[in-house]
Amino acid sequence: MGSSRSLLLFINLAIIILNLVAPTISQDDGICTFTADYCWKCYDTGTYTAGDKYQENLNSLLSSFSSNTQINSGFNNSSRGQDPNKINAIALCRGDLLQDSCQACLNKSTVILLQNCSTHKEAIIWAERCMVRYSYNLIFGIEQTDPLKHVPSPNYPKNPQQFEPVLTHLLGNLSDRAASTNSLKKFAAGHATVPGGEPIYALAQCTPDIDKQNCSSCLKQSVTEIQTCCGGRNGGRVLKPSCNLRYENYSFFVSTVDSLVDIPAPVPAAPAPKEEKKKSNIKQIVITIVVVFVAFVTILSICIFLRLRKRRVKLDEDENSEEINLVESLQYDFETIRSATDDFSDANKLGQGGFGAVYKGKLANGRYIAVKRLSKNSEQGDREFKTEVTLVAQLQHRNLVRLLGFCLKAGERILIYEYVPNTSLNHFIFDTTDHAHLDWETRYKIIGGIARGLLYLHEDSRHRIIHRDLKPSNILLDEDMNPKIADFGMARLFFMDQTQGDTQTIVGTYGYMAPEYVVHGRFSVKLDVFNFGVLVLEILSSKRISSFRNRDNEEDLLSYAWRNWRNDTVANIMDPKLTTGLGIEMMRCIHIGLLCVQENVASRPSMASVVSMLNSHSVTLSLPSRPAYFLQYNSGSDITGSDESNITVSGNKKSDFTEPYAR
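All you need for the numbering used here is the position in the sequence shown, starting with 1, plus 5.
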């Protein structure tokens with residue numbers, strides 16, 4: 006009797022300590038009871054002002070969830086706006102719901118959440134059939150354990166001793182199935198029967214943006230929470246941002262998703278003599294105390310560990326199998342894309358290249374998209390395709406083209422981008438008719454936007470990324486002529502402390518590639534700086550980098566710019582259509598362009614320095630040294646003044662790559 010009391014006291018003490026380390030709940034919480042239809046939490050991490058840009062982005066994003074008929078998996082995650090008013094949000098419906106039921110739940114939940122958490126910058130709501138959450142922090146692909154809600158049933162099972170092991174086995178089985186699925190629904194439901202006939206119906210579900218390991222961790226921890234919150238009850242729920250568990254003694258989900266889980270029969274023990282039985286009882290008590298203590302220490306360690314890594318994104322060890330899973334929630338149905346482009350009609354074609362074609366499309370919700378359909382014999386292989394998906398999907402900057410999704414189907418590889426209406430910079434600066442529309446203010450804005458986009462890639466994104474193919478056709482212009490860097494099929498990812506790499510395969514475009522890259526295969530962020538310098542000189546002069554006729558001489562743009570700089574005839578570099586005269590900003594841009602194309606790699610400025618030079622006239626510019634002459638390392642090329650060719654060099658191989666919105 007004394008041993009039993011000591012054991013009970015120890016268990017109660019463990020539960021008290023676990024409750025102390027559990028996430029605290031604020032005053033702004035919906036009451037989570039078994040009879041409540043909705044349960045929510047408003048985070049105390051900041052507020053916004055009614056009517057401001059944050060609220061506008063929030064309302065727009067949440068309303069798009071409930072009206073998006075293109076997502077039929079019951080899951081959606083998306084972002085809206087720019088920092089500091091950027092919103093990230095997730096919507097998840099129960100895995101058995103049809104689309105109409107899902108949208109109805111999301112509609113009502115969104116209204117309740119906005120009513121009860123008005124002005125809060127972070128919030129989450131759980132309904133019986135769906136969940137909605139939003140935050141200004143990054144929440145995609147991260148296992149979240151805070152907040153945690155328990156919803157126990159007020160009722161008890163008929164046979165508690167036999168009910169509990171059946172429940173534990175059922176929840177463990179469903180958790181493994183939900184975590185291991187590779188579909189857009191990390192969901193499993195099923196039932197088992199307790200000896201005596203009492204049924205248990207249960208489900209396990211994760212948000213599909215987290216990977217298998219994090220889903221499994223979230224659900225297994227939730228199974229242990231059942232003992233804390235709902236032990237001895239015939240129903241209960243454990244609710245977390247990244248996963249949830251539920252069990253009842255009645256069927257609460259659609260029967261088509263139900264599956265019978267076999268429970269192994271217990272092996273009967275042989276009767277023991279009284280003395281052996283007494284010793285066995287003492288031994289069992291000791292073992293129970295040890296097991297409870299070990300379990301307590303383990304659970305405490307897990308709780309502390311999970312709280313410390315709350316914002317940590319886990320990198321998957323198997324890159325080939327998990328890269329596409331990272332953006333699984335962005336996958337579009339092929340029939341949706343076929344319909345949006347009118348079956349890839351020629352009337353919607355924006356461009357054609359060796360990679361395939363780009364089409365303009367319109368989704369059912371009225372949104373315009375650009376659809377990049379790779380040809381079956383495209384030189385851009387699976388590696389380049391995965392690179393573009395995994396890199397671009399994680400990049401969020403106003404001067405980068407946003408990847409909206411992708412489509413994988415037998416024989417089809419498709420990327421879906423935001424539609425940028427003014428096509429490429431290539432069309433404006435080299436077209437004899439349209440380049441007149443580019444006044445100096447517009448060109449200066451374009452130069453600054455490209456610089457900020459490159460700075461984000463090199464220093465401010467989650468990874469250090471080298472584009473390797475920056476050129477006018479890969480700069481798209483939106484309706485306000487803001488530049489957006491496009492086409493990351495040749496991009497290389499660096500660790501943040503890595504400064505240089507080498508390659509045996511040279512990819513890019515003649516004239517834009519720095520000499521150290523062409524000759525030695527050596528690349529760094531200074532390769533993009535060189536690209537940027539060439540691009541600046543092209544924007545200023547409306548002349549291509551490749552050779553052009555200058556009176557009786559044939560020159561490349563770098564030679565032409567350097568000669569006029571040395572002869573103090575800088576005005577000759579500028580496009581004659583710019584009639585406002587040679588101003589300070591024009592002079593600085595020519596100066597910056599020449600600094601970026603210097604032959605000495607170490608002498609080229611970083612993009613952080615370039616942005617400072619463009620933003621402040623008080624920043625002193627050093628004198629440029631001789632540029633890497635284009636004709637010096639491109640002799641024998643068949644490139645003409647009107648051609649812009651991409652190359653891949655590995656031995657004697659040469660092939661075309663993409664020009665995103667070519668005409």
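In this text, a Cβ means the ideal position worked out from N, Cα and C, and glycines have one as well.
Limits of the unbroken beta strand (DSSP E) element including residue i
| i | result |
| --- | --- |
| His-155 | 154-157 |
| Gly-366 | 361-367 |
| Val-376 | 373-379 |
| Leu-250 | 248-253 |
| His-525 | Counting along the chain, His-525 falls outside any beta strand (DSSP E), though it belongs to the alpha helix (DSSP H) covering 520-525. |
| Ser-84 | 80-85 |
| Leu-97 | 92-98 |
| Pro-488 | 488-490 |
Which of helix, strand or coil DSSP assigns to residue i
| i | result |
| --- | --- |
| Glu-127 | coil |
| Phe-537 | helix |
| Leu-420 | strand |
| Ile-147 | coil |
| Arg-138 | strand |
| Glu-543 | helix |
| Thr-229 | helix |
| Leu-208 | strand |
| Lys-288 | helix |
| Ile-480 | strand |
| Val-295 | helix |
| Leu-103 | coil |
| Lys-548 | coil |
| Cys-44 | strand |
| His-196 | strand |
| Asn-605 | coil |
| Glu-61 | helix |
| Gln-336 | strand |
| Leu-405 | strand |
Nearest neighbour of residue i, chosen from the options [CA to CA]
| i | options | result |
| --- | --- | --- |
| His-432 | Ile-480, Arg-134, Ile-471 and Arg-467 | Ile-480 |
| Ala-94 | Pro-200, Pro-632 and Phe-70 | Phe-70 |
| Ala-215 | Leu-250, Ile-147 and Pro-162 | Sequence inspection shows Ile at residue 215; the Ala mentioned does not correspond to that position. Of the listed residues, the one whose Cα sits closest to Ile-215 is Ile-147. |
| Thr-115 | Asp-88, Asn-160, Ser-65 and Leu-143 | Ser-65 |
| Gly-236 | Leu-420, Ser-478, Ser-158 and Thr-50 | Ser-158 |
| Ser-350 | Gly-366, Phe-339, Pro-581 and Leu-379 | Gly-366 |
| Lys-414 | Ile-452, Ile-92, Tyr-337 and Lys-126 | Tyr-337 |
| Ala-128 | Ser-611, Asp-101, Gly-458 and Ile-92 | Ile-92 |
| Ala-491 | Tyr-424, Asn-62 and Asn-286 | Tyr-424 |
| Cys-234 | Lys-217, Ile-451 and Cys-37 | Cys-37 |
| Asp-483 | Asn-142, Ile-309 and Ile-374 | Ile-374 |
| Asn-142 | Leu-153, Lys-126 and Ile-130 | Lys-126 |
| Tyr-517 | Leu-355, Lys-288, Ser-180 and Gln-603 | Gln-603 |
| Ile-434 | Thr-229, Arg-549, Arg-182 and Cys-223 | Arg-549 |
| Gln-547 | Gln-87, Asp-580 and Trp-570 | According to the sequence provided, residue 547 is Ser. The question's Gln does not apply to it. Closest option to Ser-547, Cα to Cα, is Asp-580. |
| Ile-144 | Pro-246, Asp-88 and Ser-72 | Pro-246 |
| Ser-72 | Ala-183, Ala-369, Arg-99 and Val-291 | Ala-369 |
The alpha helix (DSSP H) enclosing residue i, as first and last residue numbers
| i | result |
| --- | --- |
| Gly-458 | 445-460 |
| Met-591 | 589-601 |
| Pro-165 | 165-185 |
| His-432 | 430-435 |
| Ile-342 | 339-345 |
| Val-243 | Looking at the DSSP string, Val-243 is not in any alpha helix (DSSP H); the run it does join, the beta strand (DSSP E), is 241-244. |
| Phe-39 | Counting along the chain, Phe-39 falls outside any alpha helix (DSSP H), and DSSP gives it neither H nor E. |
| Leu-413 | Premise fails: Leu-413 lies in the beta strand (DSSP E), 408-414, not in any alpha helix (DSSP H). |
| Arg-571 | 562-571 |
| Leu-619 | 612-620 |
Counted within 10 angstroms of its Cβ, other Cβ atoms place residue i as buried (16 or more) or exposed
| i | result |
| --- | --- |
| Leu-628 | exposed |
| Leu-400 | buried |
| Glu-446 | exposed |
| Ser-640 | A caution first: Ser-640 carries a pLDDT of 36, below 50, which makes its placement in the model unreliable, though a value can still be read off. So Ser-640 ends up on the exposed side. |
| Gly-240 | buried |
| Tyr-666 | Model confidence at Tyr-666 stands at a pLDDT of 38, short of 50, so the residue's coordinates are unreliable and nothing is read from them. |
| Phe-535 | buried |
| Val-302 | exposed |
| Asn-620 | exposed |
| Ile-287 | exposed |
| Phe-662 | Annotation note: pLDDT 30 at Phe-662 (below 50); position unreliable, coordinate value reported separately. Counting Cβ neighbours within 10 Å, Phe-662 comes out buried, since at least 16 surround it. |
| Thr-54 | exposed |
Three Cβ pairs or more, each shorter than 8 Å: is that satisfied between the region 181-196 and the region 259-269? yes
Checklist line | At least three beta-carbon pairs within less than 8 Å, the region 120-131 to the region 100-108 | finding: no
Report yes or no: do three or more beta-carbon pairs, one from the region 241-257 and one from the region 201-219, lie closer than 8 Å?
yes
Are three or more beta carbon pairs between the region 465-480 and the region 528-545 nearer than 8 Å?
yes
- Query: Are the region 449-462 and the region 605-622 touching, with three or more C-beta to C-beta distances below 8 Å?
  - Reply: yes
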